[in-house]
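Visitor: Basically our numbering = 1-based index in the sequence shown + 520. Built from N, CA and C at the ideal position, the CB exists for glycine as well. One structure coming up, written as structure tokens, with questions to follow.
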Amino acid sequence: MIGLDFGSTTSNAMVATANVGLSFTTGKMEFGVPKVVYRSEPVFTPFVDEKIDIARMDAHIDRWVNESGVSHETIFAGGVIITGLAAKRVNAAALARLVGERIGEAVVATADDPSLESWLAFMGSCSALSRYHAEIPFINIDIGGGTTNPAFGINGCILNTGCYFIGARHFQFEPGTYRLVNMSSYGYTLLKHLGIKKDLDKDLAPEEIDAILNFYIAALEAIVTGSSDFFASPIAHHHQQIPFTFESYKTTPVLVFSGGVGELIYRESQGLRLPGTTHYGDLGIDLAKRIVQSPLLATDIDEIVPENQGR
Numbered sequence: 521m522i523g524l525d526f527g528s529t530t531s532n533a534m535v536a537t538a539n540v541g542l543s544f545t546t547g548k549m550e551f552g553v554p555k556v557v558y559r560s561e562p563v564f565t566p567f568v569d570e571k572i573d574i575a576r577m578d579a580h581i582d583r584w585v586n587e588s589g590v591s592h593e594t595i596f597a598g599g600v601i602i603t604g605l606a607a608k609r610v611n612a613a614a615l616a617r618l619v620g621e622r623i624g625e626a627v628v629a630t631a632d633d634p635s636l637e638s639w640l641a642f643m644g645s646c647s648a649l650s651r652y653h654a655e656i657p658f659i660n661i662d663i664g665g666g667t668t669n670p671a672f673g674i675n676g677c678i679l680n681t682g683c684y685f686i687g688a689r690h691f692q693f694e695p696g697t698y699r700l701v702n703m704s705s706y707g708y709t710l711l712k713h714l715g716i717k718k719d720l721d722k723d724l725a726p727e728e729i730d731a732i733l734n735f736y737i738a739a740l741e742a743i744v745t746g747s748s749d750f751f752a753s754p755i756a757h758h759h760q761q762i763p764f765t766f767e768s769y770k771t772t773p774v775l776v777f778s779g780g781v782g783e784l785i786y787r788e789s790q791g792l793r794l795p796g797t798t799h800y801g802d803l804g805i806d807l808a809k810r811i812v813q814s815p816l817l818a819t820d821i822d823e824i825v826p827e828n829q830g831r
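If you want it as structure tokens, here you go:
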């Protein structure tokens, strides 16, 4: 089986094997416990002229299959998720067709529905943890390139979801520098709110980067505490697509992270070496480091870690 994840910033693949056979207990055909045999390194999701670069993505799929050691003929089933900015490209459907041609039978989900993306992120990140700690509520914060998608669940059941335009790629830089090469409409609006006047091809100063990150951290802290007051301001409300609300519970929710920034968070918290300044051409590394430094957001990152550590 193969799973493919195409996101705003990065894309990756995972291959797993499992036995399918007749159960001696139930007398029915059953699917065994999957064993992951290959996990690719993330690659930048290729775009050209605001579209997904289908030819380069085709080459990535071929390489992933070759590296995994399996052949196209032996792939029993596949699952594909296209999320974030990738899902919003006009040729996202062409990518879905490509996967069908390359790997055959596959379930393809284009998560341009933000609630669906939040749901999928929770299920992939911490549903097993949530079922194991059945009495403890979990909040999964999925942070990608374009959006942050929180979801609240208990015992594997998702009860609330939300979506905010907070992500690593609203500001894009020349890798290794803070020279601004592109920004989203949300990035532009935030700079205007912060009183930062910078054109493309100009460097953002350290204090300007801090101001952007301060806003993002304050927004994330408001999300996980259920504070609606923060998003009453015009600039914060502008970054809110679907409000995230959850009922108070006798136990404080455990916070876990997923997405491209989520993976960086767990690497940073474990003392693993991260790439250098804006290695990915965005604020993902900086945002991950600031989240780890937040006593509120980092309260559980060393105690309860998802099996896939954000990936």
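Taking 8 Å as the limit between beta carbons, can you name the residues of its chain near D573, skipping five residues before and five after?
Guide: P566 and F567.
Visitor: I522 and V540 look like a contact to me (Cβ under 8 Å); what is the Cβ gap, rounded to whole Å?
Guide: About 15 Å; that fails the 8 Å criterion.
Visitor: Check whether the Cβ atoms of V556 and G589 sit closer than 9 Å, and answer yes or no.
Guide: Contact flag unset, no.
Visitor: Once the 5 residues before and after H738 are set aside, which same chain residues still bring their CB inside 8 Å of it?
Guide: Strictly speaking, residue 738 in this sequence is Ala, with His absent from that position. Within the same chain, A738 has close Cβ partners F750.
Visitor: Buried or exposed, going by whether 16 or more other CB atoms sit within 10 Å of the CB of D525?
Guide: D525 comes out buried.
Visitor: Looking only at its chain, what residues have a beta carbon closer than 8 Å to the beta carbon of P773, apart from the 5 residues adjacent to it on each side?
Guide: The residues are I656, P657, F658, I659, F672, V744 and F766.
Visitor: Mind pulling the beta strand (DSSP E) runs of 3 or more residues that sit fully within the segment 540-577?
Guide: Qualifying beta strand (DSSP E) stretches, in chain order: 540-542, 549-551 and 555-559.
Visitor: Can the beta-carbon of F735 be found closer than 9 Å to that of L714?
Guide: Closer than 9 Å, so yes.
Visitor: I'd like to know whether the C-beta atoms of I663 and L807 end up nearer to each other than 9 Å.
Guide: Their beta carbons are under 9 Å apart, which means I663 touches L807 by this criterion.
Visitor: Three or more C-beta pairs under 8 Å: does that hold for the segment 612-627 against the segment 645-656?
Guide: No: fewer than three Cβ pairs fall under 8 Å.
Visitor: Suppose contacts are defined by Cβ-Cβ distances below 9 Å. Is A688 in contact with S560 by that definition?
Guide: Not a contact, by the Cβ cut-off of 9 Å.
Visitor: Between Y708 and H758, is the Cβ-Cβ spacing less than 9 Å?
Guide: No, the pair does not count as a contact, with Cβ atoms beyond the cut-off.
Visitor: Less than 8 Å between the CB atoms is what I'm expecting for K718 and L710, so what's the real figure, rounded?
Guide: That pair is no contact at about 12 Å.
Visitor: May I ask you to list the residues that DSSP assigns as paired with V776?
Guide: N660.
Visitor: So the candidates are P695, L640 and E570; which of them puts its Cα closest to the Cα of I602?
Guide: The option with the nearest alpha carbon to I602 is L640.
Visitor: Would G598 pass as a contact of E625 if the rule is Cβ separation under 9 Å?
Guide: In contact: G598 and E625 (Cβ atoms closer than 9 Å).
Visitor: Taking DSSP as the reference, what is the three-state secondary structure of T594?
Guide: Helix at T594.
Visitor: What residues in its chain sit with their C-beta under 7 Å from that of T630, if we drop five residues either side in the sequence?
Guide: Closer than 7 Å at Cβ, skipping near neighbours: I602, A607, A612 and A616.
Visitor: Can you tell me whether M577 is buried or exposed? The criterion is at least 16 other CB atoms within 10 Å of its CB, across all chains shown.
Guide: Answer is buried; the Cβ neighbour count reaches 16.
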